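Participant:
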Amino acid sequence: MERLKERFQVAGQVLSRLEEALMIENPSSMERDATIQRFEFSFEALWKVAKEYFYRLEGLDVASPKGVIRSSRELGILDDQSATLALTMADDRNLTVHTYNETLAIEIYKRIKSYAPLMRYWLNELQRRSMDIL
């Protein structure tokens, strides 16, 4: 359970850094790119904490980000609308990690603003559900 606690802590920290970056009004291209990188870190930390949660507390061994999102929907952690947005978020994360295109970066940056509240909700819900155990 110590590993799960650590993952919650890391996910909370990187998500706070993303939220901090999103507060910048009229970001420069460097600030935008840094925000996208913080989004990548946040997504990575969040899906890994969810994966650990499912393994430790639900007995599920889920191997991929999209699998974790689907499991979150099946267990009622995310509703259908949130899960659909989270799947789009996973696609955008894959695009930012594997390619760089200025136009795409601008579009994804705009979408990150809607992803951050979803990520915060998802993390908080996982923490709430594990509160009695941790």
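Add 519 to the 1-based position in the sequence shown for our numbering, that's all there is to it. From the three backbone atoms N, C-alpha and C, an ideal C-beta is built for every residue, glycine too. Quantities reported herein were computed from a predicted structural model and do not represent experimental measurements.
Taking the Cβ atom as the reference point for each residue, do L645 and A553 lie within a distance shorter than 8 Å?
Facilitator: no
Participant: How many whole angstroms separate the CB atoms of L541 and A635, which I take to be in contact at a CB cut-off of 8 Å?
Facilitator: 6 Å
Participant: Residues in the same chain with beta-carbon distance under 8 Å from L565, minus the five sequence neighbours each way, listed in chain order, please.
Facilitator: A530, L534, M638, W641, L642
Participant: Determine the closest residue to E559 out of E621, V587, V616, with distance taken between C-alpha atoms.
Facilitator: Among E621, V587, V616, the Cα nearest to that of E559 is on V616.
Participant: Given this structure, state the Cα-to-Cα distance separating I631 from R551, to the nearest angstrom.
Facilitator: 10 Å
Participant: Please return the same chain residues whose Cβ sits closer than 7 Å to the Cβ of E571, not counting the five positions on each side in sequence.
Facilitator: R522, L523, R526
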